[in-house]
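In the numbering used here, the protein residues as written are 4 to 291.
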């Protein structure tokens with residue numbers, strides 16, 4: 004894993020650290036804790052848990068990489084002055100937390116927001132406002148991806164692992180510097196040795212400079228395609244969807260073999276409605 008990534012991590016579900024059981028996604032919109040909790044649930048996720056030194060270090064590194072400077076909600080809440088702090092997965096706070104100041108005695112619900120200006124320690128804020136903050140949602144790594152024949156490679160340097168829920172795919176992106184990026188979208192069982200070869204920068208060939216080499220693994224069956232591109236994030240499927248300001252453009256994938264020239268790439272518009280991010284009556288916030 005590397006902090007110098009060839010992919011924009013601000014709008015994707017990202018594996019923050021090698022071996023982590025959850026993906027992170029940061030939302031820049033500054034809203035109340037209750038609204039942030041609703042947005043995460045809309046995505047079948049929870050506000051982030053930071054109950055260990057490993058989780059604390061992971062969230063701090065993740066937010067530093069995104070250059071976040073304002074308060075960020077985490078999934079910790081106390082319902083009243085006599086209650087206990089619990090995470091959104093209903094587990095109790097175990098290690099005392101990383102508080103920046105003393106917790107006030109109040110009957111109002113109190114929630115934790117980490118502060119980048121205070122080394123990411125927590126402020127106790129009113130869950131329902133007027134205080135607002137951005138937030139991180141966490142989504143569990145799918146069970147099929149964690150299996151022995153799953154997609155979660157961890158032994159390559161400069162590797163970024165993201166999750167595409169709409170596609171049901173884990174995407175692995177290897178940054179090969181001047182030779183471009185190599186990426187594999189995995190949807191099921193995978194041949195890890197073959198995936199390692201395809202993602203390894205050492206196997207790069209001449210002529211791939213500033214190109215993206217992409218493959219899709221679907222239940223142990225690879226589908227190979229390659230195209231030159233300036234887009235940093237490819238959607239994980241045999242037909243790549245490239246985000247544009249006018250919707251989505253479908254780029255038909257072209258199969259390339261050693262004895263046949265590349266076919267012509269054709270583009271055709273797809274009219275789709277972007278997923279709503281907000282569950283409040285004023286509309287859901289948009290992620291960064």
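Don't be surprised by glycine CBs; every beta carbon is placed ideally from N, CA and C.
In DSSP terms, what residue i is bridged to
i	result
residue 49	141
residue 106	DSSP lists no partner for residue 106.
residue 174	165, 188
residue 18	Per DSSP, none; premise fails for residue 18.
residue 74	None, per the DSSP bridge assignment.
residue 136	34
residue 125	102, 117
residue 80	89, 114
Residue i versus residue j - alpha carbon distance
i	j	result
residue 167	residue 154	13 Å
residue 16	residue 28	5 Å
residue 76	residue 164	24 Å
residue 1	residue 181	The question about residue 1 has no answer, for the chain in this structure spans 4 to 291.
residue 65	residue 94	23 Å
residue 116	residue 169	29 Å
residue 47	residue 92	12 Å
residue 188	residue 18	15 Å
residue 34	residue 42	10 Å
residue 111	residue 60	30 Å
residue 123	residue 74	9 Å
residue 3	residue 173	The shown model of the chain, from 4 to 291, leaves out residue 3, and the question about it has no answer.
residue 96	residue 21	24 Å
residue 143	residue 105	32 Å
residue 24	residue 50	14 Å
residue 191	residue 171	9 Å
residue 184	residue 205	12 Å
residue 222	residue 179	Bear in mind that the predicted position of residue 222 carries a pLDDT of just 44, short of 50, making it unreliable; the figure below should be weighed with that in mind. Straight-line Cα distance between these residues: approximately 26 Å.
residue 62	residue 177	22 Å
residue 67	residue 82	30 Å
residue 200	residue 139	34 Å
residue 114	residue 14	25 Å
residue 56	residue 90	16 Å
residue 186	residue 149	19 Å
residue 40	residue 133	16 Å
residue 32	residue 135	9 Å
residue 306	residue 30	Outside the displayed span of the chain (4 to 291) sits residue 306, for which this structure offers no information.
residue 119	residue 162	26 Å
residue 45	residue 107	31 Å
residue 253	residue 100	At residue 253, the pLDDT of 31 sits below 50, so the modelled position is not reliable and the matter cannot be decided from this model.
Neighbour-count burial assignment, residue i, 16 or more Cβ in a 10 Å radius
i	result
residue 72	exposed
residue 146	exposed
residue 102	exposed
residue 52	buried
residue 131	exposed
residue 109	exposed
residue 127	buried
residue 292	Because the chain is modelled from 4 through 291, residue 292 falls outside the range shown and cannot be assessed.
residue 121	exposed
residue 78	buried
residue 70	exposed
residue 80	buried
residue 38	buried
Span of the alpha helix (DSSP H) around residue i
i	result
residue 162	Note, residue 162: premise wrong, no alpha helix (DSSP H); beta strand (DSSP E) at 162-167.
residue 94	Segment: none, residue 94 is in no alpha helix (DSSP H) and carries neither H nor E.
residue 27	That residue, residue 27, is in no alpha helix (DSSP H); its beta strand (DSSP E) goes 25-34.
residue 121	Looking at the DSSP string, residue 121 is not in any alpha helix (DSSP H), and its letter there is neither H nor E.
Bounding residues of the beta strand (DSSP E) (the contiguous stretch that carries residue i)
i	result
residue 115	113-118
residue 66	That residue, residue 66, is in no beta strand (DSSP E); its alpha helix (DSSP H) goes 56-68.
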